[in-house]
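Residue numbers (our numbering), protein chains in the order written: chain V, 1 to 343; chain Z, 344 to 686.
For every residue, glycine included, the Cβ atom is placed at its ideal position computed from N, Cα and C.
Remember, it's a predicted structure, so these values are computed and weren't measured experimentally.
Report on the following structure.
2 protein chains.
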Amino acid sequence: MAEKVTIYDLAKQLNTTASTVSRALQNHPRISKKMKARVMELAEKLNFQPDPVAMHLRTGRSSVIAVIVPRVSRNFFASVITGIEQVAYQNGYSVIISQSNEQYETEKAIAKALLNKKIDALAVSISAETTDYSHFQPFINKGTPIVFFDRVPESLNVSKVEVDNYEAAFQAVEHLIAQGCRKIYHLSGPMTLSVYKNRMQGYQDAMKKHGIEPQENWFYQNAITLETGTEATKQIIQSGDLPDAILAAGDFSAIGVILTLKKAGIRIPDDIAVVGFANETFDIFIDPELTSVDLDSQQLGETSAEILIEQLNQTPEEREEKHIKFPPKLMIRDSSLKAKKYD
Amino acid sequence: MAEKVTIYDLAKQLNTTASTVSRALQNHPRISKKMKARVMELAEKLNFQPDPVAMHLRTGRSSVIAVIVPRVSRNFFASVITGIEQVAYQNGYSVIISQSNEQYETEKAIAKALLNKKIDALAVSISAETTDYSHFQPFINKGTPIVFFDRVPESLNVSKVEVDNYEAAFQAVEHLIAQGCRKIYHLSGPMTLSVYKNRMQGYQDAMKKHGIEPQENWFYQNAITLETGTEATKQIIQSGDLPDAILAAGDFSAIGVILTLKKAGIRIPDDIAVVGFANETFDIFIDPELTSVDLDSQQLGETSAEILIEQLNQTPEEREEKHIKFPPKLMIRDSSLKAKKYD
DNA sequence: CTGAAAGCGCTTACAG
DNA sequence: CTGAAAGCGCTTACAG
């Protein structure tokens, strides 16, 4: 029946007071070693678990880190969460996860609910719809440590952890050029998200570096889902003006590209090479296997949690904004490997 | 700066006491309509939010439903969670999600942590490794409503929500037989999980109904991941004794089957038809598209949450164990559609 | 219909 | 080094 054991129970059995027990448990410097030992031993024996709710009410600290992601079902985000959890648990924090389902309104509602829940820290990857960030302002005002990962708001002065998306797209384009492609199209997401903006910039600069001037009709915005990637590809095919390669800013989009090209009898990579972003599990399920930029999601999560925990151990004055960018890793697979065919 | 507003602030401004404010907020029958109206109005005006932590400490109720799943990255589980969240939020509960990563030890650690967190209710889908359920016993003893979904423990007397896996496998086999298959192999998971046991039983009974006696070497246990599904398929190919069809008890396994068969130059579905379970997003990414049993995951989640909330509104005596089985839905796609080729 | 008081299980400034 | 007391923000049995 596991009767609840409180510090009063411990105090009574040890002929001392709750104050002393509480201090001993916290390893307070002014409690004698002997008393600490006695308290610890009895706590162990009675399987005493401090009540986190009471602690929270008293101290205002909840030991909870909240995470908001667009969707947990995306491998990328699931894996970031795993990284956050790992570091959080090691440091005595628990993690609660919410999903915005890519909707601004839902994200706002979650933020409001979390505000009420008095979480200690917050890690966020914003929804595709989000362009206004005022729902995060109350956390910043209250001094709640907050970090954005992957999908970070450019205009906000907050800590950010991301992959170097500019560099990633740059490398992807150079890889395609090395395969003999010159006319490279780019399917991207909303330019309001810096991840997509940076990828677009990296794409353009890499092209220009190699003397290729990307045309306006080589670029498709908001073509990041399976459906929109498919749609864009249909338009490309209909135009009759086919590229050498398509760089999609996401794997779902890239899958849409591949399926649509195949259906139209266009060979991949021979006619058109395809590269995606995120290195999702299913990239190797498809034929040909999809070349994709790995974003080292777990690392992103671990680093995000580390930043939050560091800040939790600092006074608001000591805290400083961190901007961390990880180098990308291009996973080269058959969908972009023209070269090997001519080896 | 959003100074915290308490019921004392409300009471003072209304010239009444915290007791009355508290009761008015709860719509207590013995408070006058007029007082309720005044309290509500001021609460609205000052944007009063009752402190959930204080409520929790006082009442022992946290308004939190915890969910434990093997992994959030599986589409199936992500979608169940969405269903749970939807119903929970509507009823004023919040949801916290934990993942066992398919490990018994992790699941046990999570259960222990949750016990301490004093959640109100628990929804669980057990890990592949779990065969002992004693870590859930403390919740049952305490009277915490608990429901298992999809992966349910057979031996425990608790509420369960699942798909009729027996029927699902039965239908899948009859579909394959209708396509002209007779020698049908079955790749399954650990027999300790009832989902797999029931699928195996449905497979066997459907075979026997049609006068086919499944041989022992037609059945592979623990071949449920991409890797193990691949491994089993290699063994099948090596044996030289090829089946007409393979029914895999999961989509990851089925993908392993398809990729391996294709690599060996075996045609799908012409030589071997393939059927999976779970209707994952990527089923339509693969060539040929994978026939799979849809488990109506969101519905499972909604129903699980409804059961918990019903029980939360009942006294422990009123509560009764519910067993709900949903009918399966076979999503027929090219990987099993031999018939159309001969139409 | 409303109020005064106790208490949920902790922590911590104050005092010694 | 240890203790007595107050308080975090609520709810509710008891009293009127």
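Asked                                                                                                               : Found
Residue burial classification, THR658 (chain Z) (beta-carbon count within 10 angstroms, cutoff 16)                  : exposed
Minimum Cβ-Cβ distance from PHE48 (chain V) to chain Z less than 7 Å                                                : no
For GLU661 (chain Z), the three-state DSSP class (helix, strand or coil)                                            : coil
Inter-residue CB distance, LYS36 (chain V) and ASP164 (chain V) (contact presumed, cutoff 8 Å)                      : In fact, because the Cβ distance is near 48 Å, the residues do not count as touching under 8 Å.
6 Å Cβ shell around LYS684 (chain Z) - same chain, five flanking residues per side excluded                         : Note that LYS684 (chain Z) scores 48 on pLDDT, short of 50, meaning its location in the model is unreliable; the coordinates nonetheless yield the value given after this. Result list for LYS684 (chain Z): empty, nothing under 6 Å.
TYR166 (chain V) vs GLY202 (chain V) beta-carbon contact at 7 Å                                                     : yes
Closest residue to LYS118 (chain V) among V:ILE65, V:ILE307, V:THR82 and V:GLN13 (Cα-Cα distance)                   : V:ILE65
Neighbour-count burial assignment, ASP343 (chain V), 16 or more Cβ in a 10 Å radius                                 : Because the pLDDT at ASP343 (chain V) is just 43, under 50, the model does not fix this residue reliably, and the value given afterwards should be weighed accordingly. By the neighbour-count rule (16 or more Cβ atoms within 10 Å), ASP343 (chain V) is not buried but exposed.
Three-state class that DSSP yields for ASP271 (chain V) in the structure shown                                      : coil
Helix, strand or coil at ASP334 (chain V) according to DSSP, with G and I counted as helix                          : helix
Sheet register partners of TYR220 (chain V) (DSSP bridge)                                                           : V:LEU187
Residues near GLN642 (chain Z) in its chain [Cβ-Cβ closer than 8 Å; skip 5 each side]                               : GLY426 and PHE669
Interfacial residues, the stretch 170–197 of chain V to chain Z, with Cβ spacing under 7 Å                          : none
Chain V contact residues for ALA397 (chain Z), given Cβ-Cβ distances below 7 Å                                      : LEU57
Residues that ILE629 (chain Z) contacts on chain V, provided the C-beta gap is smaller than 7 Å                     : PHE285 and ILE286
Where LEU290 (chain V) falls, given that 16 or more other Cβ within 10 Å makes a residue buried                     : buried
Distance, ILE567 (chain Z) Cα to VAL347 (chain V) Cα                                                                : Residue 347 (chain V) lies beyond the stretch modelled for chain V, which goes from 1 to 343, so this question has no answer here.
Anticipated Cβ contact below 8 Å, ALA592 (chain Z) with LEU499 (chain Z), distance rounded                          : Not quite, the Cβ-Cβ distance comes to about 22 Å (not below 8 Å), so this is no contact.
Three-pair Cβ contact test at 8 Å for the stretch 232–248 of chain V versus the stretch 177–191 of chain V          : yes
Which residues DSSP lists as bridging GLU428 (chain Z), in chain order                                              : The partner list for GLU428 (chain Z) (beta bridge, DSSP) is empty, contrary to what the question assumes.
Start-to-end residues for the alpha helix (DSSP H) that takes in THR603 (chain Z)                                   : 594–606
Interface residues of chain V facing LYS460 (chain Z) [CB-CB closer than 9 Å]                                       : PRO52, VAL53 and SER94
LYS668 (chain Z) - partner residues in DSSP beta bridges                                                            : Z:GLU505
Short Cβ contact (7 Å threshold) for PRO214 (chain V) with GLN221 (chain V)                                         : no
Rounded separation between ARG542 (chain Z) and GLU318 (chain V) - CA only                                          : 58 Å
Residues near ALA575 (chain Z) in its chain [Cβ-Cβ closer than 6 Å; skip 5 each side]                               : LEU530, TYR563 and ALA566
Selection from V:GLU306, V:VAL5, V:SER336 and V:GLU227 that minimises the alpha carbon distance to GLY276 (chain V) : V:SER336
Classification of GLN442 (chain Z) by the beta-carbon crowding that lies within 10 angstroms, buried from 16 upward : buried
Contact set for HIS478 (chain Z): own chain, Cβ-Cβ below 8 Å, skip 5 residues either direction                      : GLU450, LYS451, ALA454 and LYS455
Rounded Cβ spacing between LEU569 (chain Z) and ILE601 (chain Z) (contact assumed at less than 8 Å)                 : No, LEU569 (chain Z) and ILE601 (chain Z) are not in contact; Cβ-Cβ is about 11 Å, not under 8 Å.
Test: ALA421 (chain Z) CB closer than 7 Å to a CB of chain V                                                        : yes
Per DSSP, cross-strand counterpart(s) of GLN99 (chain V)                                                            : V:VAL69
Contact set between PHE625 (chain Z) and chain V, taken where Cβ atoms lie within less than 9 Å                     : ILE255, GLU280, THR281, PHE282, PHE285 and ILE286
Buried/exposed call for GLN235 (chain V), threshold 16 Cβ in 10 Å                                                   : exposed
Collapsed DSSP secondary structure at VAL173 (chain V) in the structure displayed                                   : helix
Bridge partners - ILE489 (chain Z), DSSP secondary structure assignment                                             : Z:LEU465
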